[in-house]
Structures are given as C-alpha cells and as structure tokens.
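Student:
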Amino acid sequence: MDIVCINIYDLLNAIKQVREWKSINASGVCMKEILRMENITKKFGEVYANKDINLTIMEGEVHTLLGENGAGKSTLMNILIGLYQPTRGDIYRYGEKVKIDSPSRAVKLGLGMVHQHFMLVEAMTVFENIILGVSNDKSIFIKRDAIKKEIIALAAKYSLDIEIDKEITEISVGAQQRVEILKALYRGAEVLILDEPTAALTDIEVEGLFRIIRKLTAEKKSVIFISHKMREVLEISDQITILRGGRTIATLAKENTDASELANLMIGKELVTCEHEKVTETKENIISLENVSFNKKSKHSGIRDITLAVGKGEILGIAGVDGNGQSQLAQMVTGVISPDHGEVLLHAKKIAKFIPGYFIAAGVSHIPEDRNKMGLIGAMSVKENLVLKRLEKPEISLGKGLFLKKPAMAKCAGDMKDKYDIRCESIEQETRNLSGGNQQKIILARELEENPDLLVAVHPTRGLDVGATRFVHEKMLDSRDKGCGVLLISADFDEILKLSDRIAVMFEGQIVGVYPGKNPPIKEISLAMAGKQMGQGD
Amino acid sequence: MNTKNNFIKIAVPIIAIICSFLVGAILIACIGGNPIEAFSYLFRGAFGTASNISDTFVKATPLIFTGLAATFAYRCGVFNLGAEGQFVMGAVASIWISTTLTGIPAPLQLVISIVGGAIAGGLWGVIPGILKITRGLNEMIVSIMLNYVAILFMGYLYSGPLREGSVPQTASVTARLARLFSPIRIPAGIIIALVLAAVIYYYLFYTSSGFKLRTVGLNRTAAEYNGFPVKKLILISFIVSGAIAGIGGSVELHGTQFRLMSGFGEGYGFDGVAIALIGQLNPIGTVLVAYLFAVLRKGATTMQVGTGLPTSVIDIIQALVIVFAVAGSAFVNLPKIRQVFTNLTGKSKKEGK
Numbered sequence: 001m002d003i004v005c006i007n008i009y010d011l012l013n014a015i016k017q018v019r020e021w022k023s024i025n026a027s028g029v030c031m032k033e034i035l036r037m038e039n040i041t042k043k044f045g046e047v048y049a050n051k052d053i054n055l056t057i058m059e060g061e062v063h064t065l066l067g068e069n070g071a072g073k074s075t076l077m078n079i080l081i082g083l084y085q086p087t088r089g090d091i092y093r094y095g096e097k098v099k100i101d102s103p104s105r106a107v108k109l110g111l112g113m114v115h116q117h118f119m120l121v122e123a124m125t126v127f128e129n130i131i132l133g134v135s136n137d138k139s140i141f142i143k144r145d146a147i148k149k150e151i152i153a154l155a156a157k158y159s160l161d162i163e164i165d166k167e168i169t170e171i172s173v174g175a176q177q178r179v180e181i182l183k184a185l186y187r188g189a190e191v192l193i194l195d196e197p198t199a200a201l202t203d204i205e206v207e208g209l210f211r212i213i214r215k216l217t218a219e220k221k222s223v224i225f226i227s228h229k230m231r232e233v234l235e236i237s238d239q240i241t242i243l244r245g246g247r248t249i250a251t252l253a254k255e256n257t258d259a260s261e262l263a264n265l266m267i268g269k270e271l272v273t274c275e276h277e278k279v280t281e282t283k284e285n286i287i288s289l290e291n292v293s294f295n296k297k298s299k300h301s302g303i304r305d306i307t308l309a310v311g312k313g314e315i316l317g318i319a320g321v322d323g324n325g326q327s328q329l330a331q332m333v334t335g336v337i338s339p340d341h342g343e344v345l346l347h348a349k350k351i352a353k354f355i356p357g358y359f360i361a362a363g364v365s366h367i368p369e370d371r372n373k374m375g376l377i378g379a380m381s382v383k384e385n386l387v388l389k390r391l392e393k394p395e396i397s398l399g400k401g402l403f404l405k406k407p408a409m410a411k412c413a414g415d416m417k418d419k420y421d422i423r424c425e426s427i428e429q430e431t432r433n434l435s436g437g438n439q440q441k442i443i444l445a446r447e448l449e450e451n452p453d454l455l456v457a458v459h460p461t462r463g464l465d466v467g468a469t470r471f472v473h474e475k476m477l478d479s480r481d482k483g484c485g486v487l488l489i490s491a492d493f494d495e496i497l498k499l500s501d502r503i504a505v506m507f508e509g510q511i512v513g514v515y516p517g518k519n520p521p522i523k524e525i526s527l528a529m530a531g532k533q534m535g536q537g538d
Numbered sequence: 539m540n541t542k543n544n545f546i547k548i549a550v551p552i553i554a555i556i557c558s559f560l561v562g563a564i565l566i567a568c569i570g571g572n573p574i575e576a577f578s579y580l581f582r583g584a585f586g587t588a589s590n591i592s593d594t595f596v597k598a599t600p601l602i603f604t605g606l607a608a609t610f611a612y613r614c615g616v617f618n619l620g621a622e623g624q625f626v627m628g629a630v631a632s633i634w635i636s637t638t639l640t641g642i643p644a645p646l647q648l649v650i651s652i653v654g655g656a657i658a659g660g661l662w663g664v665i666p667g668i669l670k671i672t673r674g675l676n677e678m679i680v681s682i683m684l685n686y687v688a689i690l691f692m693g694y695l696y697s698g699p700l701r702e703g704s705v706p707q708t709a710s711v712t713a714r715l716a717r718l719f720s721p722i723r724i725p726a727g728i729i730i731a732l733v734l735a736a737v738i739y740y741y742l743f744y745t746s747s748g749f750k751l752r753t754v755g756l757n758r759t760a761a762e763y764n765g766f767p768v769k770k771l772i773l774i775s776f777i778v779s780g781a782i783a784g785i786g787g788s789v790e791l792h793g794t795q796f797r798l799m800s801g802f803g804e805g806y807g808f809d810g811v812a813i814a815l816i817g818q819l820n821p822i823g824t825v826l827v828a829y830l831f832a833v834l835r836k837g838a839t840t841m842q843v844g845t846g847l848p849t850s851v852i853d854i855i856q857a858l859v860i861v862f863a864v865a866g867s868a869f870v871n872l873p874k875i876r877q878v879f880t881n882l883t884g885k886s887k888k889e890g891k
C-alpha cells in the first residue's frame with residue numbers, strides 16, 4: 001500500500017515537473033530549469049536517509065525544503081554540495097548530467113551553501129574569510145585592495161551590509177550570516193543553499209535576510225531555503241517541497257497551499273496547538289537582580305544596570321536579538337560569572353560568591369544555550385549524563401559518593417529515559433551519537449528531575465523538530481505549574497510569545513521594556529527588540 | 539553501543555601489538571635473523587625460569603607507576619609529562635628519610651619512606667597544577683622543565699651531600715622491599731603497584747569524586763556548568779598523579795636500585811605516557827601494557843645473547859606498538875570507519891528521531 005502511494009506521488013511530481021518545465025511565470029518570462037535531482041537515494045547502512053527524492057530548481061526562485069529534523073533535508077543538501085555520494089540517482093545542471101564528487105566540484109558548478117552552523121574562522125577578518133581558499137587569478141600574492149574593492153562592490157549589489165575589516169568574533173550572528181552569503185556569492189554561486197538560516201535570527205534580522213533573498217532572486221540567482229518555520233516558509237518561498245522520512249511527499253507552489261496543509265504534510269498528522277493559561281500574578285520572587293552590570297562597555301556581551309525578578313510559578317521570557325547580553329544574563333543567574341556591580345538575591349538572600357555549585361544547591365537548574373559544550377559530556381553514556389547531578393544522592397550511592405551503585409544508577413537512568421521519552425539504543429550509548437532532540441531531552445530530564453525552584457532555559461528548543469519542541473514546552477509548563485520560576489531566554493519570538501507569562505526585552509545589555517504575556521503588544525515588543533520605541537520610526 | 543566501544547578499546551591495542559610483532563619479524567628477517575628463533579628467545583628470557591619471571595615483574599613495576607600517574611592526570615584532561623621528575627623526587631625523599639631516620643624498625647622506616655616519597659612526588663606535581671589554574675601556564679612545559687630540575691637536584695645530592703665513597707652515588711638503603719612467594723619470588727613493589735591500580739580503578743569508576751574528575755577531563759565547560767569544582771579537581775589530579783609517580787620512585791629505590799646514581803628513573807616518565815595511551819587510559823589496561831613493555835625489555839637481553847641480534851630490534855618493536863596503537867585509535871575515529879563499525883553491529887536500525 002505504501003509503495004503504491006509513493007508511486008502516485010512520484011507520478012504526480014513527474015507530471016508537475018513537466019508542467020513546470022513549460023510553465024510561464026507571472027512576468028511572462030519562460031523560467032529555466034537550472035538544477036534537477038532525480039531519484040536520489042542515500043543509504044547509511046540499512047537506513048535510508050533519502051529515498052527516491054526528486055527536486056527541481058528553477059532560475060530565480062526560492063525553493064523551500066520543508067521537513068522535520070531527520071526528514072533527510074541535510075543529507076540531500078550534503079549530496080548536492082558533494083560531501084556525500086548518493087547511493088543511487090542523478091543530478092542535472094542545466095539539463096546536463098553531472099557528478100558532484102567533492103565540495104570544490106560543487107563550487108565550480110555554482111552551488112554555494114550557508115550552513116546552519118557557520119563555517120567561519122573566528123580569529124580572521126571578514127575579508128580573510130571571504131577570500132579563504134579561492135584565488136581568481138594566478139598571482140601568488142593576494143591583491144588585497146583590488147579584491148577588497150570587488151567584494152565591496154558585490155556586497156553593495158546585493159545590499160549585504162558588512163564591515164569588511166572586522167574580525168568575525170566582533171560582529172553579530174546576523175552579520176556573520178551575511179558574510180557566509182557573500183562568501184558563497186564571491187565563489188560564483190548561482191544556487192544558494194541556506195540551511196535553517198533563521199534559526200539564530202530574530203524577526204528584525206529575518207526581515208533583513210528576506211530582503212537579501214529577494215534581491216538575489218531578482219538577479220536570477222536561485223535559493224534553496226531549508227526551514228521548519230511555517231510562517232517564514234510561506235512568506236519567502238515560490239515552491240515548497242516537503243520531505244518526510246527521507247522521501248519527497250509533495251512539491252507545491254506557495255499560492256496553492258497554506259500553513260495547516262504544509263504542517264499536516266510535514267508531520268503526517270494533525271498538529272494540535274497546545275493551549276494553556278497564562279499566569280498574571282505571582283507572589284514571591286525566586287531570584288531578583290538589582291542594578292546588575294557586567295562588562296558594561298560591550299554592547300553584545302555585557303549587561304547594563306539590569307533590575308529584574310522571576311517569581312514563583314511564572315515564566316519570564318527574555319526576548320531580543322541574539323547577542324545582546326542574554327548569554328551573560330543566563331550565566332549570571334546560574335553562577336558561572338559574577339557581576340561587576342549590583343546585587344543578585346536568590347530566595348531573598350544576597351549572593352556573595354558566584355559558583356555554579358552554590359546555585360545548583362539552592363535549586364537552580366539550567367538548560368544551557370550550547371547543549372554539547374555546556375550541558376552534556378558527549379563521550380559519556382546517556383546513563384552517566386542523566387545521573388550527573390545526583391551522584392551523591394543516597395539512592396545511587398553509599399556514603400555520599402564513596403561507592404556508586406551501578407545497578408541503581410542504571411535503574412534511575414532507565415526510569416528517566418522512559419519518563420522523558422529519550423530514544424536511544426540503550427542507556428549505555430554515547431550521548432554524542434544521539435540526535436539533538438534526544439540530547440536536549442537528556443538535559444531536560446536531568447534538570448527537571450531535581451525539582452528546581454528556578455529553571456533557566458536558554459534556547460531550549462533550538463534545532464529541535466516540532467514534536468520535540470512541543471515536549472520541551474509541555475515539560476516547562478508543567479514545572480511552572482508546580483511552582484518553579486522559569487527564566488526563558490530564546491531567540492525564537494514565537495516561543496517567547498507562546499510560553500511567557502511576562503516578557504522582558506533585552507537590547508544592548510539593557511532591559512528596554514517588560515510586557516504582559518497575556519495579549520502581548522507584539523508590534524511594540526518587536527520595535528523594542530530592534531532598540532526603538534513606539535512611534536520612533538518604523 | 540558501549541559494548542562496541544569497549545570492543546574497539548580492547549581490539550586496538552591487541553591488533554597494534556600483533557602488527558608490531560609482524561613488522562618486527564620482517565625486520566629481523568631483513569637483518570639476517572630468524573624471527574621465530576628470536577621471539578622464542580624473547581619469551582624464554584621473560585618467562586623461561588622463575589628468576590626470569592621475577593625479573594620481568596621488577597622491570598614492570600616502575601612502568602606501572604608512571605603509567606598510572608599519566609592515566610590519572612589524563613583522565614582529568616591535564617597532561618602530566620613530569621612523572622619522571624616526580625618519580626625522582628619520590629626517591630630523593632625516600633633516600634633522605636632512609637639515611638637520616640635510622641634506628642627505627644625497618645618495616646616502619648619503609649612505610650614512612652614510601653609515604654614521604656608520595657608526599658614529595660605530590661608536591662612536585664602540584665607546582666605545574668597551581669601554575670596552571672592560577673596563572674594559566676601550560677602544564678606540559680612546566681612539568682617537563684621540572685623533570686630537569688629534579689634530575690639535576692638528584693645529581694647534586696649523589697655527587698655532593700649524600701655521596702658515599704669515591705663513586706658519585708648515595709649510600710644504599712637498609713630497609714628493602716622483599717620478594718615474596720618463593721620460588722617465583724614476586725617483588726613486593728609490584729604488589730603495591732597492583733593494589734594502587736585497583737584503588738585508582740575503584741576511585742575513577744565507583745566514586746562520585748572520580749566520576750566528576752572524568753567529567754572534567756571530557757568536558758570542562760559542562761563540568762563547570764553542572765556545578766563541579768573544576769579547579770579543585772584539576773589540582774587533585776596533579777597531586778595524586780605526582781604522588782603515584784613519587785611512590786614509584788620510592789618503591790624503585792627500596793626494591794631494585796637501593797641507591798641513587800646517575801640514570802635513576804631515566805625515561806620512565808615518557809614511557810608511562812605511552813603506556814597510559816596504549817592502555818586506553820584504563821588503570822587495568824595500563825598495568826597490562828606496562829607488563830608487556832617489561833616482557834619486551836627483559837626478553838631483549840636474552841635474545842641478544844641467544845641470537846646475536848641487537849636489543850634495539852626490540853626497542854623498535856616497542857616503538858611500533860606505540861605508533862600502531864595511536865594510529866589505530868585515530869583510524870577507528872574516522873567517520874567512515876565508525877560507519878563501518880555501526881553497520882557491523884547491525885541492529886542500529888532507526889534510532890528514532
């Protein structure tokens with residue numbers, strides 16, 4: 001039955017492709033096919049990461065690949081840029097069959113990719129990153145000035161706002177992305193693949209990115225846009241191809257579809273929106289910051305005179321563009337860094353020493369922003385990561401950790417694995433081999449099983465698919481209802497709006513406004529995130 | 539998954555040893571020897587008689603200590619390349635205790651001397667530790683430099699204040715570690731080493747403190763975020779690592795050399811690092827690899843006498859073990875090879891997204 005369905009889909013796709021090949025777009029120009037992937041299949045061991053995928057890219061279109069994590073989007077793109085070889089299937093460039101056996105071959109064919117995690121050398125300048133590894137002339141010396149002029153002209157052509165002589169570490173995430181795009185364009189990319197480009201950006205930056213994308217398509221460049229954010233997909237795409245379980249489910253034109261259809265096709269079932277009450281008032285403060293400052297001079301990695309409190313049983317959302325001091329705020333309320341000025345009160349007691357261990361003992365749990373670097377020990381097993389914080393608890397150790405009861409440890413970890421639906425081969429598996437969603441669930445299990453008084457969650461659903469995201473949200477709401485105060489820091493504005501009982505906006509290290517979570521003034525908040533007040537320009 | 543990893547961890551050193559013996563055999567054949575004859579002399583030298591077996595244990599003892607010292611530090615993510623210096627300082631403390639603290643029963647003197655050796659080694663180990671956590675100095679460089687300080691200090695002692703007679707060497711210690719269980723006569727030193735290995739194994743894998751120490755070694759940032767006292771654990775690892783090497787020096791003095799002289803402890807520090815790496819940073823593995831190295835060294839002399847082949851052939855085999863083991867570890871970490879292993883275990887299926 002399954003096979004029959006797929007064949008029908010293939011057939012429909014084929015018909016559609018024929019139609020598209022001949023299709024005439026709105027402006028009356030015949031659109032040219034510039035790239036086609038046919039029956040691409042990629043097998044990893046016994047697992048099909050991609051199975052008979054068909055994809056056709058037209059000149060000057062934005063083609064979205066939509067799918068949950070693990071749907072096969074990344075594998076497909078890695079095949080396209082020559083990192084993987086397909087087990088079966090062909091790639092055609094301008095109708096001509098090509099073999100892409102290396103990334104440099106992909107570059108020669110005009111395919112450029114901006115990875116989700118940028119591939120930039122942080123200690124080098126923007127200019128050096130762009131010219132890294134390319135030479136357009138045979139000279140052994142780098143003609144800095146000439147090349148620089150060329151790059152600046154290219155940037156101007158696509159309105160890419162960059163500071164060419166700054167080091168990568170000095171520029172914001174959005175600017176780094178522009179550098180990546182420029183890098184690809186400088187190498188002559190005709191087809192630009194953007195892998196989850198909006199994951200790290202907020203609304204304002206996303207708008208900027210979309211302007212750039214439109215400029216690119218106007219110049220007859222094509223963009224393959226990978227995302228699972230419905231709103232953005234509908235805004236920017238011309239064509240949308242939905243992948244699920246490694247197969248092409250459908251290719252639709254934007255005009256002929258809507259969000260709910262896409263969501264259904266993407267997850268294969270109806271998406272139930274989670275409904276919950278927002279808390280409007282709280283009694284006591286769990287943690288409060290009074291005029292706290294840290295590294296005041298820095299706009300992107302400092303905190304300036306913040307006064308803020310998280311109450312019992314509420315979710316305080318911190319909205320803002322990434323890199324406006326949110327990381328430092330999270331590190332401060334978990335004891336990783338200590339403030340230069342001001343006071344932090346935990347349970348109404350002033351904190352003298354900023355040590356993570358002290359905060360943990362006082363009931364602070366932390367879902368850190370970088371789960372691999374700060375949260376998990378990748379080379380350790382699922383079991384060991386789960387019990388990390390309970391080593392001295394009597395149920396798994398004798399004499400406060402003098403002897404660890406291995407069977408009890410395994411049982412404890414097994415229970416947590418079941419409760420939090422962590423999917424792994426066994427609890428002995430190394431965590432670095434798990435998918436992002438399951439890794440995040442391990443952290444969630446470990447942190448929430450402590451029954452914290454305060455949960456500091458930083459980008460808790462970054463990179464997670466719809467199902468895992470909902471799971472994380474539910475667990476956070478549960479702990480809120482149990483009386484835990486939650487400080488939610490997220491670059492995903494939708495997430496902030498959905499979960500927060502109060503919303504505070506951070507801009508250049510300051511809190512520029514606090515808004516109610518119930519019926520939030522969205523326009524006002526977005527403006528605040530961009531550092532503007534209502535009525536002060538658009 | 540974990541059983542697979544354990545399999546790789548055991549397989550890599552074993553394959554490395556087999557490969558190096560094969561290459562060694564080719565080498566012996568090339569210089570006109572008979573590999574089978576050479577290896578049979580080698581093993582006869584190591585195991586042929588009770589006295590040979592005993593001597594092999596003697597050779598293994600210091601290697602086990604320095605190997606364990608390296609293992610312990612590596613487990614916490616720091617590189618103690620100063621085991622040799624700590625080994626020497628342990629012996630220096632012991633000789634000082636043994637020559638000044640006379641007039642008490644020998645066993646008591648022995649215990650005090652070994653404890654003194656541990657303290658001296660620990661103090662020598664804590665210097666790079668403190669410099670690292672307070673000033674950020676590279677522990678590798680500091681600990682290597684301290685090796686020279688320790689060796690030259692020892693040289694000053696045996697040619698100056700503690701010199702006995704015309705030869706530059708110290709007086710010999712009176713309290714000596716016995717050889718137990720006649721007729722094999724197992725040296726007491728190796729028993730101390732084995733007990734220590736067991737204790738370290740227990741500490742690393744069965745106590746919360748050891749767990750935390752390993753966590754610091756694998757991901758220091760995450761350890762800090764999870765509230766572990768990172769700096770304290772790093773310091774502990776330096777002290778303990780130094781103390782292990784210090785005990786090694788003390789045991790070597792009381793069990794084998796009996797006096798300090800030129801060349802005491804030479805090379806043991808770096809041998810220990812290699813042994814720890816081939817032993818996959820596991821105390822038990824370290825003991826086994828140290829023993830293998832001792833077999834090679836003990837057998838080499840017999841082989842030279844029996845076949846006329848130079849002992850350097852065995853040095854080459856020993857070096858090849860290191861090369862193959864390191865290459866093997868790197869090899870199994872290649873993405874494509876990992877893939878093959880994943881496929882081999884078969885049941886990977888869908889991990890479930």
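Each protein sequence line maps, in turn, to chains X and U.
Each residue of the first sequence is one higher than the one before, counting from 1 in the numbering used here.
Each residue of the second sequence is one higher than the one before, counting from 539 in the numbering used here.
Ideal Cβ positions, reconstructed from N, Cα and C, are used throughout, including at glycine.
Just so we're clear, the structure is a prediction, and the values are computed from it rather than from any experiment.
Comparing the C-beta of P356(X) with each C-beta of chain U, is any distance below 8 angstroms?
Tutor: Position 356 of the first sequence, counted from the start, is the residue given in the question as residue 356(X). With 8 angstroms as the cut-off, P356(X) counts as an interface residue toward chain U.
Student: How big is the Cα-Cα spacing for V687(U) and Q624(U)?
Tutor: Start at 1 with the first residue of the second sequence, and residue 687(U) comes out as number 149. Start at 1 with the first residue of the second sequence, and residue 624(U) comes out as number 86. Each residue's alpha carbon lies about 10 angstroms from the other.
Student: Determine the burial state of V344(X): buried for a count of at least 16 other Cβ atoms within 10 Å of its Cβ, exposed for fewer.
Tutor: As a working mapping, residue 344(X) is identified with position 344 in the first sequence. Counting Cβ neighbours within 10 Å, V344(X) comes out buried, since at least 16 surround it.
Student: When we look at the beta-carbon of C412(X) and count the other beta-carbons within 10 Å, is it buried (16 or more) or exposed?
Tutor: Reading the first sequence from its first residue, position 412 is the one you call residue 412(X). Answer is buried; the Cβ neighbour count reaches 16.
Student: For chain U, find out if any of its Cβ atoms is closer than 8 angstroms to the Cβ of I377(X); answer yes or no.
Tutor: Along the first sequence, read from residue 1 onward, the residue named residue 377(X) stands at position 377. For I377(X), the answer is yes, since a Cβ of chain U falls inside 8 angstroms of its Cβ.
Student: Is D340(X) buried or exposed, if buried means 16 or more other CB atoms sit within 10 Å of its CB?
Tutor: Position 340 of the first sequence holds residue 340(X). Answer is exposed; the Cβ neighbour count stays below 16.
Student: Need the endpoints of the alpha helix (DSSP H) that T604(U) sits in, please.
Tutor: Looking up residue 604(U) in the second sequence gives position 66. Where T604(U) is concerned, the enclosing alpha helix (DSSP H) stretches over A588 to R613.
Student: Which residues, in chain order, does the region 759-779 of chain U contribute to contact with chain X at a C-beta distance below 9 angstroms?
Tutor: Residues passing the 9 angstroms Cβ filter: T759, A760, A761, E762, Y763, N764, G765, F766 and P767.
Student: Check the C-beta distance from I668(U) over to L798(U) and give it rounded, since I have them as a contact under 8 angstroms.
Tutor: Taking the first residue of the second sequence as 1, we reach residue 668(U) at position 130. Taking the first residue of the second sequence as 1, we reach residue 798(U) at position 260. Contact doesn't hold; Cβ gap of about 27 angstroms is too wide.
Student: What is the DSSP secondary structure of S651(U), reduced to helix, strand or coil?
Tutor: As a working mapping, residue 651(U) is identified with position 113 in the second sequence. S651(U) falls in the helix class under three-state DSSP.
Student: Given a limit of 8 angstroms on CB to CB distance, which residues of the region 383-404 of chain X reach chain U?
Tutor: Cβ contacts with chain U: E384, L388, K389, L391, E392, S397, K400, G401, L402, F403 and L404.
Student: Could you spell out where the alpha helix (DSSP H) holding E495(X) opens and where it closes?
Tutor: For the purposes of this step, residue 495(X) is taken as residue 495 along the first sequence, with counting starting at 1. From DSSP, the alpha helix (DSSP H) with E495(X) extends over F493 to L499.
Student: Apart from the five residues on each side of it in sequence, which residues of its chain come closer than 8 angstroms, Cβ to Cβ, to L847(U)?
Tutor: For the purposes of this step, residue 847(U) is taken as the residue at position 309 of the second sequence. I566, I569, G571, A576 and M841.
Student: Quick one: measure Cβ to Cβ for T64(X) and F225(X), integer angstroms, because I've assumed they're closer than 8 angstroms.
Tutor: Position 64 of the first sequence, counting from 1, holds the residue named residue 64(X). Position 225 of the first sequence, counting from 1, holds the residue named residue 225(X). T64(X) to F225(X), Cβ: 5 angstroms. Contact.
Student: Please check if any C-beta of chain U sits within less than 8 angstroms of the C-beta of H117(X).
Tutor: Residue mapping note: residue 117(X) aligns to position 117 of the first sequence, counting from 1. Cβ-Cβ to chain U under 8 angstroms: no for H117(X).
Student: In angstroms, rounded to a whole number, what distance separates the CA positions of D421(X) and K441(X)?
Tutor: As a first step, residue 421(X) must be located in the first sequence, where it is residue number 421. As a first step, residue 441(X) must be located in the first sequence, where it is residue number 441. When rounded, the distance between both Cα atoms is 8 angstroms.
Student: Go ahead and pull the three-state DSSP assignment for K99(X).
Tutor: Stepping through the first sequence from its first residue, residue 99(X) is reached at position 99. In this structure, K99(X) counts as coil in the three-state DSSP scheme.
Student: I'd like the list of long-range same chain contacts for A716(U), defined as Cβ closer than 6 angstroms, with 5 residues on each side in sequence excluded.
Tutor: If you number the second sequence from 1, residue 716(U) lands on position 178. A726, listed in sequence order.
Student: Determine whether the beta carbon atoms of Q331(X) and L376(X) lie at a separation below 8 angstroms.
Tutor: Translated into positions along the first sequence, residue 331(X) becomes position 331. Translated into positions along the first sequence, residue 376(X) becomes position 376. For Q331(X) and L376(X), no; Cβs fall outside 8 angstroms.
Student: What residues of chain X sit near N820(U), judged by a beta carbon separation below 8 angstroms?
Tutor: Residue 820(U) sits at position 282 when you count from the first residue of the second sequence. Within 8 angstroms Cβ-Cβ: nothing; N820(U) doesn't reach chain X, min ~14 angstroms.
Student: List the residues of chain U that I360(X) touches, going by C-beta distances under 7 angstroms, in chain order.
Tutor: One-based indexing of the first sequence puts residue 360(X) at position 360. Within 7 angstroms Cβ-Cβ: G765.
Student: According to DSSP, simplified to helix, strand and coil, what is M31(X)?
Tutor: Within the first sequence, numbered from 1, the residue matching residue 31(X) stands at position 31. The answer is coil: DSSP assigns M31(X) none of H, G, I, E or B.
Student: Any Cβ of chain X within less than 8 angstroms of the Cβ of L639(U)?
Tutor: Taking the second sequence and counting its residues from 1, the one referred to as residue 639(U) is at position 101. No, no contact with chain X.
Student: Using the Cα positions of A731(U) and Y744(U), report the straight-line distance between them to the nearest angstrom.
Tutor: The sequence position of residue 731(U) within the second sequence is 193, counting from 1. The sequence position of residue 744(U) within the second sequence is 206, counting from 1. Whole-angstrom Cα-Cα distance: 19 angstroms.
Student: Report back the beta-carbon spacing between I738(U) and L606(U) to the nearest angstrom; my notes put them in contact at under 8 angstroms.
Tutor: As a position in the second sequence, residue 738(U) is number 200, starting the count at 1. As a position in the second sequence, residue 606(U) is number 68, starting the count at 1. Rounded, the Cβ-Cβ distance is 6 angstroms, consistent with contact.
Student: Could you give the distance in angstroms between the alpha-carbon of I511(X) and the alpha-carbon of G363(X)?
Tutor: Counting from one through the first sequence, the residue named residue 511(X) turns up at place 511. Counting from one through the first sequence, the residue named residue 363(X) turns up at place 363. Straight-line Cα distance between these residues: approximately 25 angstroms.
Student: Which stretch, first to last residue, makes up the alpha helix (DSSP H) that contains E290(X)?
Tutor: Walking along the first sequence from the start, residue 290(X) turns up at place 290. Per DSSP, E290(X) belongs to no alpha helix (DSSP H); it is in the beta strand (DSSP E), N285 to F294.
Student: So S746(U) contacts chain X; which residues on that side make the cut at Cβ distance below 7 angstroms?
Tutor: What you label residue 746(U) is simply residue 208 of the second sequence in a count that begins at 1. The answer, in chain order, is L391, E392, S397, G401 and L404.
Student: Give the secondary structure of N39(X) by DSSP, where H, G and I count as helix, E and B as strand, and everything else as coil.
Tutor: Here the question's residue 39(X) lines up with position 39 in the first sequence. Residue state, collapsed to three classes: strand.
Student: In chain X, which residues lie less than 7 angstroms from F610(U) when you measure between Cβ atoms?
Tutor: Position 72 of the second sequence, counted from the first residue, corresponds to residue 610(U). Neighbours of F610(U) on chain X: none; closest Cβ ~18 angstroms, over 7 angstroms.
Student: Within 8 angstroms of any Cβ in chain X, is that where the Cβ of L756(U) sits?
Tutor: Sequence index remark: in the second sequence, residue 756(U) carries index 218 (1-based). Cβ-Cβ to chain X under 8 angstroms: yes for L756(U).
Student: Taking any Cβ of chain X, which residues in the region 720-749 of chain U have a Cβ under 7 angstroms from it, in chain order?
Tutor: For the region 720-749 of chain U, which is checked against every Cβ of chain X, the residues closer than 7 angstroms are Y744, T745, S746, S747 and F749.
Student: With 8 angstroms set as the bound, which would you pick, yes or no: does the beta-carbon of T845(U) sit closer than that to a beta-carbon of chain X?
Tutor: Indexing the second sequence from 1 puts residue 845(U) at position 307. Output row for T845(U): interface = no.
Student: Chain X partners of T753(U), CB-CB under 9 angstroms?
Tutor: Numbered from 1 along the second sequence, position 215 holds the residue referred to as residue 753(U). I377, M380, E384 and L388, listed in chain order.
Student: With I40(X) and N50(X) assumed to form a contact (beta carbons below 8 angstroms), what rounded beta-carbon distance in angstroms separates them?
Tutor: The count along the first sequence starts at 1 and reaches residue 40(X) at position 40. The count along the first sequence starts at 1 and reaches residue 50(X) at position 50. About 5 angstroms separates the two Cβ atoms, so the contact holds.
Student: Can you find a CB in chain U that lies within less than 8 angstroms of the CB of K373(X)?
Tutor: Reading the first sequence from its first residue, position 373 is the one you call residue 373(X). Judged by the 8 angstroms Cβ criterion, K373(X) is in contact with chain U.
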